[in-house]
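Participant: For the sequence shown, the working numbering begins at 36 and goes up steadily by one.
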Amino acid sequence: MKRLPRRLGYGEEATLGEHLEELRWRLFIIIGAVVLAAIVAFAFHNHVLDFLNNPLPGDRRRVTTLTVTEPFTVSITVSLYAGVAVAMPIILWQLWAFLAPAFDPSSERRIVVLVALASALGAAGFAFGYWILLPRAIHFLTHYDDKHFNNLIQAKPYYSFVVTVLLGIVVVFETPMAVLGLVAIGALSARTLRKQRRIGYFITAVIGLALPGPDPITTALEVLPMWALYELSIWLAVLVERRRPSATLTSPWHAQP
(Lines of atoms letter the chains of each structure in order from A; the text may use other names.)
(Lines give C-alpha, C1' and ligand atoms only; values in the text may rest on other atoms or scores of the structure.)
Protein backbone atom coordinates (compact mmCIF):
# COMPACT_ATOMS: atom_id res chain seq x y z
CA MET A 36 0.00 0.00 0.00
CA LYS A 37 1.46 3.36 -1.01
CA ARG A 38 1.99 6.07 1.58
CA LEU A 39 0.01 9.27 1.47
CA PRO A 40 1.88 12.21 -0.07
CA ARG A 41 4.44 13.80 2.24
CA ARG A 42 4.56 17.57 2.52
CA LEU A 43 7.93 18.80 1.30
CA GLY A 44 9.94 21.26 3.38
CA TYR A 45 10.89 24.77 2.26
CA GLY A 46 13.59 24.59 -0.41
CA GLU A 47 13.47 20.79 -0.54
CA GLU A 48 14.15 19.58 -4.05
CA ALA A 49 12.08 17.00 -5.91
CA THR A 50 11.94 15.75 -9.47
CA LEU A 51 9.11 16.63 -11.85
CA GLY A 52 7.87 13.06 -11.61
CA GLU A 53 7.74 13.26 -7.81
CA HIS A 54 5.80 16.53 -7.99
CA LEU A 55 3.30 15.03 -10.43
CA GLU A 56 2.94 11.93 -8.27
CA GLU A 57 2.31 14.11 -5.21
CA LEU A 58 -0.25 16.19 -7.13
CA ARG A 59 -2.00 13.05 -8.33
CA TRP A 60 -2.35 11.66 -4.81
CA ARG A 61 -3.54 14.97 -3.42
CA LEU A 62 -6.22 15.17 -6.14
CA PHE A 63 -7.29 11.63 -5.21
CA ILE A 64 -7.60 12.71 -1.58
CA ILE A 65 -9.66 15.77 -2.56
CA ILE A 66 -12.00 13.76 -4.79
CA GLY A 67 -12.33 11.05 -2.14
CA ALA A 68 -13.15 13.62 0.55
CA VAL A 69 -15.81 15.25 -1.63
CA VAL A 70 -17.38 11.91 -2.57
CA LEU A 71 -17.39 10.68 1.04
CA ALA A 72 -18.84 13.95 2.32
CA ALA A 73 -21.49 13.92 -0.43
CA ILE A 74 -22.50 10.36 0.51
CA VAL A 75 -22.84 11.35 4.16
CA ALA A 76 -24.79 14.46 3.12
CA PHE A 77 -27.12 12.32 0.99
CA ALA A 78 -27.74 10.04 3.96
CA PHE A 79 -28.89 13.14 5.86
CA HIS A 80 -30.23 15.07 2.88
CA ASN A 81 -33.60 15.59 4.58
CA HIS A 82 -31.88 17.75 7.19
CA VAL A 83 -29.95 19.59 4.46
CA LEU A 84 -33.16 20.32 2.55
CA ASP A 85 -34.86 21.50 5.75
CA PHE A 86 -31.92 23.83 6.35
CA LEU A 87 -32.20 25.30 2.86
CA ASN A 88 -35.99 25.56 3.05
CA ASN A 89 -35.94 27.33 6.41
CA PRO A 90 -35.73 30.89 4.92
CA LEU A 91 -39.04 30.26 3.09
CA PRO A 92 -42.31 31.48 4.63
CA GLY A 93 -43.79 28.92 6.98
CA ASP A 94 -46.62 27.98 4.62
CA ARG A 95 -44.34 27.44 1.59
CA ARG A 96 -41.54 25.23 2.86
CA ARG A 97 -42.49 22.26 0.65
CA VAL A 98 -41.06 23.20 -2.71
CA THR A 99 -42.56 21.97 -5.98
CA THR A 100 -41.10 19.42 -8.39
CA LEU A 101 -42.41 19.08 -11.97
CA THR A 102 -40.84 15.87 -13.26
CA VAL A 103 -40.64 12.27 -12.09
CA THR A 104 -36.86 12.38 -11.56
CA GLU A 105 -36.55 15.88 -10.13
CA PRO A 106 -36.84 14.93 -6.41
CA PHE A 107 -33.97 12.45 -6.78
CA THR A 108 -31.74 14.59 -9.00
CA VAL A 109 -32.24 17.68 -6.81
CA SER A 110 -31.36 15.66 -3.71
CA ILE A 111 -28.20 14.39 -5.41
CA THR A 112 -27.22 17.91 -6.52
CA VAL A 113 -27.83 19.43 -3.08
CA SER A 114 -25.84 16.60 -1.46
CA LEU A 115 -22.95 17.29 -3.83
CA TYR A 116 -23.02 21.00 -2.93
CA ALA A 117 -23.03 20.07 0.76
CA GLY A 118 -20.20 17.58 0.18
CA VAL A 119 -18.00 20.25 -1.38
CA ALA A 120 -18.77 22.65 1.48
CA VAL A 121 -18.02 20.05 4.17
CA ALA A 122 -14.84 18.89 2.42
CA MET A 123 -13.57 22.44 1.85
CA PRO A 124 -11.08 22.37 4.78
CA ILE A 125 -9.51 19.19 3.36
CA ILE A 126 -9.46 20.67 -0.16
CA LEU A 127 -7.74 23.85 1.03
CA TRP A 128 -5.28 21.91 3.17
CA GLN A 129 -4.26 19.64 0.30
CA LEU A 130 -3.78 22.61 -2.02
CA TRP A 131 -1.77 24.44 0.62
CA ALA A 132 0.37 21.38 1.39
CA PHE A 133 1.26 21.16 -2.31
CA LEU A 134 2.14 24.88 -2.61
CA ALA A 135 3.66 25.47 0.84
CA PRO A 136 7.24 24.39 -0.03
CA ALA A 137 7.52 27.46 -2.28
CA PHE A 138 7.12 29.82 0.73
CA ASP A 139 9.64 30.50 3.46
CA PRO A 140 8.44 30.06 7.08
CA SER A 141 7.89 33.81 7.66
CA SER A 142 5.71 34.15 4.54
CA GLU A 143 3.89 30.96 5.50
CA ARG A 144 2.88 32.47 8.85
CA ARG A 145 1.48 35.55 7.10
CA ILE A 146 -0.49 33.43 4.64
CA VAL A 147 -1.96 31.38 7.48
CA VAL A 148 -3.14 34.63 9.12
CA LEU A 149 -4.67 35.79 5.83
CA VAL A 150 -6.45 32.44 5.36
CA ALA A 151 -7.82 32.64 8.91
CA LEU A 152 -9.07 36.18 8.27
CA ALA A 153 -10.63 35.20 4.93
CA SER A 154 -12.34 32.22 6.60
CA ALA A 155 -13.76 34.42 9.35
CA LEU A 156 -15.07 36.93 6.81
CA GLY A 157 -16.58 34.12 4.72
CA ALA A 158 -18.31 32.62 7.77
CA ALA A 159 -19.66 36.05 8.73
CA GLY A 160 -20.94 36.57 5.18
CA PHE A 161 -22.67 33.20 5.17
CA ALA A 162 -24.32 33.86 8.54
CA PHE A 163 -25.46 37.32 7.42
CA GLY A 164 -26.83 35.96 4.14
CA TYR A 165 -28.64 32.98 5.64
CA TRP A 166 -30.13 34.44 8.82
CA ILE A 167 -30.67 38.09 7.85
CA LEU A 168 -30.76 38.66 4.09
CA LEU A 169 -32.33 35.51 2.65
CA PRO A 170 -35.47 35.33 4.86
CA ARG A 171 -36.35 38.97 4.16
CA ALA A 172 -35.54 38.81 0.47
CA ILE A 173 -37.50 35.58 -0.03
CA HIS A 174 -40.47 36.90 1.96
CA PHE A 175 -40.57 40.00 -0.25
CA LEU A 176 -40.15 38.08 -3.53
CA THR A 177 -42.64 35.31 -2.77
CA HIS A 178 -45.33 37.78 -1.65
CA TYR A 179 -44.78 40.33 -4.40
CA ASP A 180 -48.14 40.91 -6.15
CA ASP A 181 -49.38 37.59 -4.75
CA LYS A 182 -52.95 38.66 -5.46
CA HIS A 183 -52.09 38.32 -9.16
CA PHE A 184 -49.70 35.32 -9.05
CA ASN A 185 -49.93 31.80 -7.70
CA ASN A 186 -46.27 31.43 -6.79
CA LEU A 187 -45.24 27.78 -6.92
CA ILE A 188 -41.63 27.55 -5.74
CA GLN A 189 -39.84 24.97 -7.87
CA ALA A 190 -37.07 23.02 -6.16
CA LYS A 191 -34.18 23.33 -8.62
CA PRO A 192 -34.45 27.10 -9.31
CA TYR A 193 -34.99 27.79 -5.61
CA TYR A 194 -31.88 25.92 -4.45
CA SER A 195 -29.85 27.52 -7.24
CA PHE A 196 -31.10 30.92 -6.06
CA VAL A 197 -30.14 30.19 -2.44
CA VAL A 198 -26.66 28.96 -3.36
CA THR A 199 -26.08 31.94 -5.68
CA VAL A 200 -27.17 34.49 -3.06
CA LEU A 201 -25.10 32.92 -0.29
CA LEU A 202 -22.05 32.65 -2.53
CA GLY A 203 -22.49 36.27 -3.65
CA ILE A 204 -22.73 37.54 -0.06
CA VAL A 205 -19.63 35.55 0.92
CA VAL A 206 -17.75 37.14 -2.01
CA VAL A 207 -18.94 40.61 -0.93
CA PHE A 208 -17.66 39.96 2.60
CA GLU A 209 -14.27 39.04 1.15
CA THR A 210 -13.91 42.60 -0.20
CA PRO A 211 -11.36 43.56 2.51
CA MET A 212 -9.09 40.77 1.26
CA ALA A 213 -9.20 42.19 -2.28
CA VAL A 214 -8.42 45.66 -0.91
CA LEU A 215 -5.57 44.17 1.10
CA GLY A 216 -4.13 42.66 -2.06
CA LEU A 217 -4.31 45.99 -3.90
CA VAL A 218 -2.59 47.73 -1.00
CA ALA A 219 0.08 45.02 -0.89
CA ILE A 220 1.06 45.63 -4.52
CA GLY A 221 0.92 49.41 -4.10
CA ALA A 222 -2.15 49.98 -6.29
CA LEU A 223 -4.15 51.43 -3.39
CA SER A 224 -3.39 53.13 -0.08
CA ALA A 225 -5.09 53.79 3.23
CA ARG A 226 -4.85 57.52 2.49
CA THR A 227 -6.80 57.06 -0.76
CA LEU A 228 -9.45 54.97 1.00
CA ARG A 229 -9.87 57.66 3.66
CA LYS A 230 -9.91 60.49 1.14
CA GLN A 231 -12.52 58.73 -1.00
CA ARG A 232 -14.60 57.52 1.96
CA ARG A 233 -17.75 59.31 0.77
CA ILE A 234 -17.47 57.76 -2.67
CA GLY A 235 -16.84 54.36 -1.09
CA TYR A 236 -19.87 54.73 1.16
CA PHE A 237 -21.97 55.79 -1.83
CA ILE A 238 -20.90 52.77 -3.90
CA THR A 239 -21.61 50.35 -1.05
CA ALA A 240 -24.99 52.00 -0.47
CA VAL A 241 -25.88 51.55 -4.16
CA ILE A 242 -24.92 47.87 -3.91
CA GLY A 243 -27.03 47.52 -0.77
CA LEU A 244 -30.03 49.17 -2.41
CA ALA A 245 -29.65 46.85 -5.40
CA LEU A 246 -30.07 43.84 -3.11
CA PRO A 247 -33.67 42.72 -2.43
CA GLY A 248 -35.19 44.47 0.57
CA PRO A 249 -38.87 44.88 1.47
CA ASP A 250 -38.45 47.88 3.79
CA PRO A 251 -35.94 50.57 4.88
CA ILE A 252 -34.93 48.59 7.98
CA THR A 253 -33.90 45.59 5.90
CA THR A 254 -32.03 47.85 3.48
CA ALA A 255 -30.14 49.34 6.42
CA LEU A 256 -29.29 45.83 7.61
CA GLU A 257 -27.77 45.18 4.18
CA VAL A 258 -25.87 48.47 3.90
CA LEU A 259 -24.43 48.78 7.41
CA PRO A 260 -22.26 45.63 7.21
CA MET A 261 -20.87 46.88 3.89
CA TRP A 262 -19.89 50.18 5.48
CA ALA A 263 -18.27 48.23 8.30
CA LEU A 264 -16.34 46.18 5.72
CA TYR A 265 -15.15 49.40 4.09
CA GLU A 266 -13.83 50.67 7.43
CA LEU A 267 -12.21 47.29 8.07
CA SER A 268 -10.49 47.60 4.69
CA ILE A 269 -9.02 50.96 5.75
CA TRP A 270 -7.62 49.52 8.98
CA LEU A 271 -6.16 46.52 7.15
CA ALA A 272 -4.55 48.90 4.67
CA VAL A 273 -2.98 50.83 7.56
CA LEU A 274 -1.59 47.63 9.09
CA VAL A 275 -0.12 46.50 5.77
CA GLU A 276 1.54 49.85 5.13
CA ARG A 277 3.06 49.89 8.62
CA ARG A 278 4.67 46.52 7.99
CA ARG A 279 6.52 47.79 4.93
CA PRO A 280 10.24 47.90 5.80
CA SER A 281 10.98 50.79 3.44
CA ALA A 282 9.51 52.81 0.60
CA THR A 283 11.54 50.80 -1.89
CA LEU A 284 9.46 47.70 -1.26
CA THR A 285 6.03 47.67 -2.85
CA SER A 286 4.85 44.48 -1.14
CA PRO A 287 4.48 44.06 2.63
CA TRP A 288 5.37 40.39 2.34
CA HIS A 289 9.01 41.32 1.75
CA ALA A 290 9.29 42.23 5.43
CA GLN A 291 11.69 40.12 7.43
CA PRO A 292 10.38 38.41 10.58
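Where is the CB? At the ideal position from N, CA and C, for every residue including glycine.
Answer yes or no: do Ala225 and Ala272 have a C-beta to C-beta separation smaller than 9 Å?
Facilitator: yes
Participant: Between Leu168 and Ile204, how many whole angstroms is the CB-CB distance? I'm expecting something under 8 Å.
Facilitator: 6 Å
Participant: Are the beta-carbon atoms belonging to Ser114 and Ile74 less than 9 Å from one another?
Facilitator: In this structure, Ile74 lies closer than 9 Å to Ser114 by Cβ.
Participant: Look at the Cβ atom of Ala132, then the Cβ atom of Phe208, and state whether they are nearer than 9 Å.
Facilitator: no
Participant: For Val109 and Ala190, what's the separation of their Cα atoms in angstroms?
Facilitator: 7 Å
Participant: What is the rounded straight-line gap between the Cα of Ser296 and the Cα of Val121?
Facilitator: Nothing in the structure corresponds to residue 296, since the chain is present only between 36 and 292.
Participant: Using a Cβ-Cβ cut-off of 7 Å (strictly less than) and excluding sequence neighbours within five positions of His80, which residues of its own chain qualify?
Facilitator: Ser110, Val113, Ser114
Participant: Skipping 5 residues on each side, what residues in its chain have a beta carbon closer than 8 Å to that of Thr177?
Facilitator: By the criterion of a C-beta distance shorter than 8 Å, Thr177 is surrounded in its chain by Leu91, Pro92, Arg95, Asn186, Ile188, once the five residues flanking it on both sides are discounted.
Participant: Quick check on Thr99: does DSSP put it in helix, strand or coil?
Facilitator: strand
Participant: Which value, in whole angstroms, describes the spacing of the CA atoms of Phe184 and Leu215?
Facilitator: 46 Å
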